[in-house]
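In my numbering, the protein residues as written are -8 to 333.
All residues carry an ideal CB built from backbone N, CA and C; glycine is no exception.
No experiment lies behind these values; they were computed from the predicted model shown.
What follows is one structure encoded as structure tokens, with my remarks underneath.
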Amino acid sequence: MSLASGGVTSGSGAMGADKPPGNPGSDLIMEDVILGVHGGTGLDKKDMTPELDKKLRAGLKAALEAGAKRLTEAGSTPLDGVEAAIRVLEDDPHFNAGRGAVFTHEGRNELDASIMEGTTKKAGAVAGVTVIKNPISAARAVMAKSKHVMMIGRGAEVFSTQQGLEIVDPAYFWTEGRWKDIQRVWEEEKAKGKRADIEPKSSTYFGTVGAVARNEKGQIAAGTSTGGMTNKMFGRVGDSPIIGAGTYAEDGAAAVSCTGHGEYFIRYGVSKEIVSLVKYKGLSIQEAAQEVINRQLKDAGGEGAAIVLNSKGQWTTSRNTEGLYRGWINSKGEITVRLYEE
Ligand code: ASP
């Protein structure tokens, strides 16, 4: 797969117009995509600043470049592209994953991640980890180096240390913006004299990250990494590390990574539901994603979004929120990045 030096487009540039009639909240299916990423559903547009807009776009672009570079190296697999792209987003403090993760009710950062290979259906996940710099690599290590699919907390951390992954002080994950978010919640709780609900839009923004990738053989993979939701209870685990909820991949059907109100995504088995609609009902990836995100979840009041890539290189997204920070790169190296409708 050659990767010529492509340009970056924002909005409905080189790769076609957005929003076909009747499909609000979805990107048109794009062809020949090798890698796509998301950085969460994000802020309301009215709250976006030009500086943050720039940084988010730069972060998404850097992730796509890193993932695509890895994908085109000899011997690499879609899993390599997914992991490389997500590591960049985890290291970027503007996204709610790795450094930049949101705080729990107790003022800690508890991170979740998962990864899945569509060819083998192998998968790995970690949840509630506090010292692993790149949880997506820990998820991959669980998949590749253990007999298990999911490890949590201290055990996952000891295992990651044994696997030689980078361990950091929990303070590494602290960022001022996220700290201010939790302080606002604490003040609100103090004023009201009761525990605040976790509401998706109550704090600055969601920013869970994810990636889906494909190679020339039609092999696909997906991964997701998050700090979860601001003010979550200790030990709360969302959809991101749950295979079938936040992440799923199956060659011939689709690779999916989700973001949004995790409790809904778990209960609706969102990523597997999308894959099953493609696999068993023969829906297009756009029809399948729209059915789950913009009908089932929307009707239930579950906010969020999904990115989807299939073995043929078709890519789409679906969201029932105003924004979804997202981007994709095709085999010519052309990158498109979008935050809202555009
Ligand atoms: N889905 C994540 C969770 O519930 C949050 C997010 O996507 O921002 O933990």
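- prompt: How would you write the range of the beta strand (DSSP E) that Val24 sits in, first residue to last?
  reply: It spans 24 to 29 - the beta strand (DSSP E) in which Val24 sits, taken as one unbroken run.
message: Could you tell me the alpha carbon to alpha carbon distance between Ala244 and Thr221, rounded to whole angstroms?
response: Computed Cα separation, rounded: 33 angstroms.
field: Alpha-carbon spacing of Thr308 relative to Ile143, whole angstroms
entry: Answer to the nearest angstrom: the Cα atoms are 30 angstroms apart.
message: Closer than 8 angstroms is the cut-off here; do at least three beta carbon pairs connect the region 12 to 22 with the region 274 to 281?
response: Touching, yes, given that three or more Cβ pairs across the two stretches are closer than 8 angstroms.
query: What do you reckon, are the CB atoms on Thr327 and Trp319 nearer than 9 angstroms?
result: With respect to the 9 angstroms criterion, Thr327 and Trp319 are classified as neighbours on the basis of their beta carbons.
- prompt: Does DSSP classify Arg227 as helix, strand or coil?
  reply: Arg227 carries a coil assignment under DSSP once its states are collapsed to helix, strand and coil.
- prompt: Per DSSP, Met142 forms a beta bridge with which residues?
  reply: Met142 is bridged by DSSP to Val117.
message: So, under 8 angstroms CB-CB, Val203 and Val247 are touching, yes? Tell me the CB distance rounded to an integer number of Å.
response: That pair is a contact at about 7 angstroms.
- request: Would you decide whether Gly155 is buried or exposed? Buried here means 16 or more other CB atoms lie within 10 Å of its CB.
  value: By the neighbour-count rule (16 or more Cβ atoms within 10 Å), Gly155 is not buried but exposed.
message: Helix, strand or coil, according to DSSP, for Glu108 in the structure here?
response: DSSP places Glu108 within a strand segment (E or B) once states are collapsed to three.
query: What do you get for Arg317, buried or exposed, if any count of 16 or more other CB atoms within 10 angstroms of its CB means buried?
result: Burial check for Arg317: the Cβ neighbour count within 10 Å reaches 16 or more, so the residue is buried.
message: I'd like the span of the beta strand (DSSP E) that includes Trp306, first residue to last.
response: Looking at the DSSP string, the run of the beta strand (DSSP E) that includes Trp306 is 306 to 310.
- prompt: Where Ile82 and Asp290 are concerned, what is the direct C-alpha to C-alpha distance, given to the nearest angstrom?
  reply: The residue you asked about is not Ile; residue 82 is Asp in the sequence shown. One C-alpha to the other measures close to 35 angstroms.
field: Assigned exposure category for Lys181 - 16 Cβ within 10 Å defines buried
entry: Classification of Lys181: exposed, given that the 10 Å Cβ count is below 16.
message: Going by DSSP, what residue range makes up the alpha helix (DSSP H) through Leu62?
response: For Leu62, the enclosing alpha helix (DSSP H) begins and ends at 41 to 62.
Terminal residues of the beta strand (DSSP E) in which Leu34 lies: For Leu34, no beta strand (DSSP E) encloses it, and the DSSP letter there is neither H nor E.
message: Helix, strand or coil for Gly273? Go by DSSP, reduced to three states.
response: Note: Gly273 maps to coil in three-state DSSP.
query: Are at least three pairs of beta-carbons, each pair with one atom in the region 82 to 100 and one in the region 109 to 119, less than 8 angstroms apart?
result: They do not touch, by the three-pair rule.
message: I'd like the span of the alpha helix (DSSP H) that includes Ala75, first residue to last.
response: Element bounds for Ala75: 69 to 82.
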